[in-house]
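Residue numbers (UniProt numbering), protein chains in the order written: chain A, 1 to 283; chain B, 1 to 283; chain C, 1 to 283; chain D, 1 to 283.
Ideal Cβ positions, reconstructed from N, Cα and C, are used throughout, including at glycine.
Note that the coordinates shown come from a computational prediction; the quantities given were computed from them, not determined experimentally.
Number of protein chains: 4
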Amino acid sequence: MELWYTQPQTDNIRFSIKVKEELFSGKSPYQQINIFDSDEMGRFLIIDGIVMLTSKDEFIYHDMIVHVPMATNPDVKKVLVIGGGDGGTVRELTRYAGIEKIDMVEIDRMVVEACQKYLPLTASKLNDKRVQLHFENGMEFVRRSKEKYDLIIVDSTDPIGPGEGLFTMEFYKCCFNLLSEDGILVNQCESPFYEKNAKEMRKAVKKIKSLFPISKVYQYNMPTYPSGHWLFGFASKKYDPIKDFKPEKWEALGLETKYYNTDVHIGSFMLPTYVRKMVENPE
Amino acid sequence: MELWYTQPQTDNIRFSIKVKEELFSGKSPYQQINIFDSDEMGRFLIIDGIVMLTSKDEFIYHDMIVHVPMATNPDVKKVLVIGGGDGGTVRELTRYAGIEKIDMVEIDRMVVEACQKYLPLTASKLNDKRVQLHFENGMEFVRRSKEKYDLIIVDSTDPIGPGEGLFTMEFYKCCFNLLSEDGILVNQCESPFYEKNAKEMRKAVKKIKSLFPISKVYQYNMPTYPSGHWLFGFASKKYDPIKDFKPEKWEALGLETKYYNTDVHIGSFMLPTYVRKMVENPE
Amino acid sequence: MELWYTQPQTDNIRFSIKVKEELFSGKSPYQQINIFDSDEMGRFLIIDGIVMLTSKDEFIYHDMIVHVPMATNPDVKKVLVIGGGDGGTVRELTRYAGIEKIDMVEIDRMVVEACQKYLPLTASKLNDKRVQLHFENGMEFVRRSKEKYDLIIVDSTDPIGPGEGLFTMEFYKCCFNLLSEDGILVNQCESPFYEKNAKEMRKAVKKIKSLFPISKVYQYNMPTYPSGHWLFGFASKKYDPIKDFKPEKWEALGLETKYYNTDVHIGSFMLPTYVRKMVENPE
Amino acid sequence: MELWYTQPQTDNIRFSIKVKEELFSGKSPYQQINIFDSDEMGRFLIIDGIVMLTSKDEFIYHDMIVHVPMATNPDVKKVLVIGGGDGGTVRELTRYAGIEKIDMVEIDRMVVEACQKYLPLTASKLNDKRVQLHFENGMEFVRRSKEKYDLIIVDSTDPIGPGEGLFTMEFYKCCFNLLSEDGILVNQCESPFYEKNAKEMRKAVKKIKSLFPISKVYQYNMPTYPSGHWLFGFASKKYDPIKDFKPEKWEALGLETKYYNTDVHIGSFMLPTYVRKMVENPE
């Protein structure tokens, strides 16, 4: 039976996954949520028509969003996750015994509940006792919060719909204020390849560079995202992800990872020339 | 007008590019060749239904297939290119003044002529006077040749159809024999992500490892190839691409490149854990 | 969200319906069954990857499979339906007060139950007290049965999978034997347009012509079936659907129909020349 | 090689034909014109992204647009064809020895020239000496012309782009005025099935009914048009296509046709109930 999910990655590029079965379809107050099963990618989550994660390649995204900052500063104790309703980021964070508290702010309860039911491997650690779920707008949470965090991870959708506020100057400023003196901000930062993604990436980079003394971009290969070449932003008040990187310390934790390793850590900051130029002159 | 070229990247994944116009369609004795124009990717070349290159991302492939070995040993003088009928590999090679001779062995004259006509930016340097074109089977050429080369680049299609012989043990042995004492072999080495590609990758890696004292794999992000995560093999009798890498020497050449740089060189060998495991235990 | 059901109507033709939601997916011992919801066609039923019915155009199929024979002989009292698990044929039959008994033989209980749940408008009359459901192989039922029927309707899938037996000579012979002296056989008879369908149509027509004194083919326009030009076979021991047609008698019943009317009845037997030739010389 | 032409028949329905080769692509001042070759449909003509004709089913369209009016009045001598740049309508008209003059008014010379080159079987009779080609706007031609015609055939595209004027009240009025006392108007009249087509059909029918004493709609099955159920309008000052139909006279001409015959003529006016209602109450 030919049932295909198609993401128009641009107006002129389509990426399609053959679907075995639809497991969930729901319209929350914020977005359209679908979960499908497939032979090639296993189960996968679609929000507003866009691939959020597939069971086959989510390990790449979650390895890179968590282990790069954690290996830069393995002493992180308090973490704020904005977005990340699928639970994958939290799952990786909970592997660090040194982390004492994880606040996760996800606007859409339906995403969390659907992932807990249909993507248990990804969402499995949301009930870790260090995790506190806040079902509210990320922008409002950071505006209001008085906490201090060692690490803030912005695990957002693209800057359309509910994710839009998470790409604004005000949001980044609030994050800056919530970070401790040696705090790190990691944010989902789009892609350099297709024009629309690159434009959003440059805008985000420009804003963050204007706020943080240290601001970099690192890359990873994400097969189900447009072009497969995807980026995270790394910003910090104190730590440089390369100069301050102490691989032995992370190695000593003995975590097994399928994508991340301490070499990949370094290589991920070695950007192709055209990407480096975008990041250096984001306008 | 909706005209779409679709590559079934696996049985369950389709990648589609909206076509503006078909520029060329021909059936040679070896394969089906099509060249299309598109808004997103510019002109692109399809062989036996598979994307060979697009004008938008071919710079990545050709930067990485040429500049990694050339920066490892900038003294290369004689080069053999097997395949590469589109001319992109030769184009990058001709930028090195030190290269004295390039033998290019392409089985299919129709590919070369179509690319010269419709992809002139890629094929432009095939008439460089150091280049000699040999329209014959790559396997037979390496079996017969008595030359010695400093660099052999296997710029082949996937191991089906005319490209199949270029993935055999005999072929790699012949390449080994044709290489000078400090010779380097670079080969198109598929991808670790989708099972079919990964299987071919492992088979090629295993064969090359059994022959060469130094054998590595390096990665690049190729948006129009399946998964976007693609590999080249690097094998040598003498040079390690990292230990023997002297970035200053390459920098001194003053070549401008859009993807490759001396950081990318190093980062490209920093493989994700699951890829590293495949390469270390290719069976 | 782009989710598309696609039917490859031939190797070279694809027909796709945008899906809102999957309502049912099940694998019975006989076939793969899916029910989807869509904006354009409403809910629709797919069996083994092929469109069986859509809420938007099923009225055409069911009008034509039932009212043509019933208007030819409005005195029909006992009906046998082979297949027709969606219930649409039975729904139309139950509108005739004169019908006393309907035996429906459907091999696949899962089809019936899924349609009762998700396609209630089609399946609504399966619980009419004149209807008796037999969940068994149609071939075996007709082989064994000793009943006499005034009308047999073969409401089958294409002649692959469980529908295959319903296109054999033995099956038609058994139907002949089960029909009363003035009995009528109507059968789903594929399409004249695409080669594969036309071949099956000719084979079925040839077999039926060899058995029945009166054998015709009539057409209807079914938008979601390949080519939209679709046929039913009409065979009888006694009644000619045109010569014995008494439109007034049917009009007197006062049935409202959206596709069928007594003009359409006549027009449906007026076949295009190329179809007429196929039917006259089915080999 | 997977190259597919896709027509979005509605926002939610796609019809796709696998393409072997693109034969022609051109942008005239009026529209985008493409001609493809395919295994299933042979060569086919696309205008502004919409299927105009395929070699496999154009016989149906051209049989029905020409032979229905010509069999109603085989004494037609002067014919005006508006549109029809592919030449198929003229080809069928030239088979009538009694026709003395055919004026064909096609706005787009590029369509005619491309069809003459790549669709010679369809366009073959445009050089018949009774045919005069006028490359101009159909609306302006009928506004200006002082001729009298026995038959006007509006062989237009859908009412968007250059075809739009050919669906206006003013255009139909001018046609009325150009027709002789027993003149017949036949016009491409869209389809009853999908909402957008049905709306255009009703609007056209309503206008023509208000002008002509006799106005009907007849149907044919066109596999490559949306839904396959397609209509022509028949309007006349004198002749009813059924009451005045003398099949023997047309039969006597001895024309061989693959779709049309004198039964199909009659059956084509026997409309399904829902279509009949639309035509009777076009608003």
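Within the same chain, show all residues whose beta-carbon is closer than 6 Å to that of Met169 (chain B), passing over the 5 residues directly before and after it, in chain order.
-> Lys207
Hey, quick one: how far does the beta strand (DSSP E) through Ile214 (chain D) stretch, first residue to last?
-> Ile214 to Asn221
For Asp63 (chain C), does the count of other Cβ atoms within 10 angstroms reach 16, so buried, or fall short, so exposed?
-> buried
Would you be able to state if there are at least three C-beta pairs under 8 Å between the segment 26–34 of chain A and the segment 247–257 of chain A?
-> no
Ignoring anything shorter than 4 residues or poking outside the segment 198–258 of chain B, list the alpha helix (DSSP H) runs there in chain order.
-> 247–253
With DSSP run on the structure shown, which of helix, strand or coil describes Ile266 (chain B)?
-> helix
For Val279 (chain B), does the three-state DSSP call read helix, strand or coil?
-> helix
Note down, in chain order, each residue of its chain lying with its Cβ closer than 7 Å to the Cβ of Tyr149 (chain A), except the 5 sequence neighbours on either side.
-> Lys78, Val79, Leu80, Leu178, Leu179, Ser180 and Gly183
If we ignore side chains and look at the alpha-carbon of each, how far apart do Lys277 (chain A) and Val66 (chain B) end up?
-> Lys277 (chain A) and Val66 (chain B): Cα-Cα distance of roughly 22 Å.
Cα-Cα separation between Leu166 (chain B) and Tyr172 (chain B), rounded to whole angstroms | 8 Å
Which residues bound the alpha helix (DSSP H) around Gln116 (chain D)?
-> Arg109 to Tyr118
Starting from Pro69 (chain C), follow the alpha helix (DSSP H) in both directions and report where the run begins and ends.
-> Residue range Glu58 to Thr72 is occupied by the alpha helix (DSSP H) that includes Pro69 (chain C).
Specify whether the segment 232–246 of chain B and the segment 68–76 of chain B touch according to this definition: at least 3 beta carbon pairs, one from each stretch, less than 8 Å apart.
-> yes
Buried or exposed (CB count within 10 angstroms, at least 16 for buried), Asn127 (chain D) = By the beta-carbon neighbour count (other beta carbons within 10 angstroms, threshold 16), Asn127 (chain D) is exposed.
Contact with chain D by Trp4 (chain C), beta-carbon distance below 9 Å = yes
Name the chain A residues whose beta carbon is nearer than 7 Å to that of Asn34 (chain C)?
-> Met1
Neighbouring residues, chain C, relative to Gly49 (chain A) (Cβ below 7 Å) | Met1 and Glu2
Could you please give the first and the last residue of the uninterrupted beta strand (DSSP E) stretch that includes Phe171 (chain A)?
-> Note, Phe171 (chain A): premise wrong, no beta strand (DSSP E); alpha helix (DSSP H) at Met169 to Leu178.
Within 8 Å: the Cβ of Met201 (chain C) and any heavy atom of the ligand MG?
-> With respect to the ligand MG, the structure offers nothing, as it holds no ligand at all.
Evaluate Glu92 (chain A) with the Cβ neighbour count: other Cβ atoms within 10 Å of its Cβ, from every protein chain shown; 16 or more gives buried, anything less gives exposed.
-> buried
What residue from B:Ile99, B:Asn261 and B:Met139 has the CA that sits closest to Lys246 (chain B)'s CA?
-> It is B:Asn261 whose Cα lies nearest to the Cα of Lys246 (chain B).
According to the Cβ coordinates, are Thr157 (chain A) and Asp48 (chain A) closer than 9 Å?
-> yes
Closer than 9 Å, Cβ to any Cβ of chain B: which residues of the segment 100–117 of chain D, in chain order?
-> none
Simplified DSSP state of Thr10 (chain A), which is helix, strand or coil = strand
What does Pro8 (chain B) touch in chain D if you count any residue whose Cβ is under 8 Å from its own?
-> By Cβ distance, chain D contributes Glu2.
Give, in chain order, every unbroken run of the alpha helix (DSSP H) that is at least 4 residues long and sits entirely within the segment 84–155 of chain D.
-> 88–93, 109–118, 120–123 and 138–144
Between the Cα of Lys117 (chain D) and the Cα atoms of D:Ser145, D:Gly87, D:Tyr61 and D:Pro29, which residue gives the shortest distance?
-> Nearest Cα to Lys117 (chain D) within the set D:Ser145, D:Gly87, D:Tyr61 and D:Pro29: D:Gly87.
Run down chain C in chain order and give the residues with a C-beta less than 9 Å from the C-beta of Phe135 (chain D).
-> Residues of chain C passing the Cβ test: none, with the nearest at roughly 34 Å.
Contact list for Gly228 (chain B) against chain A, beta-carbon separation under 7 Å | Asn221, Pro223, Ser227, Gly228 and His229
Using three-state DSSP, classify Leu3 (chain B) as helix, strand or coil.
-> strand
Nearest-angstrom Cα distance between Gly26 (chain D) and Thr257 (chain C)?
-> 47 Å
8 Å contact criterion, which Phe176 (chain C) and Phe135 (chain C) should meet: CB distance rounded = About 24 Å; that fails the 8 Å criterion.
Can you find a C-beta in chain A that's less than 9 Å from the C-beta of Lys18 (chain B)?
-> yes
Residue-chain proximity (Pro282 (chain B), chain A), Cβ-Cβ < 9 Å = no
Compile a chain-ordered list of the residues in the segment 242–269 of chain D whose CB is closer than 7 Å to at least one CB of chain B.
-> none
Does DSSP put Gly161 (chain D) in a helix, in a strand, or in coil?
-> helix
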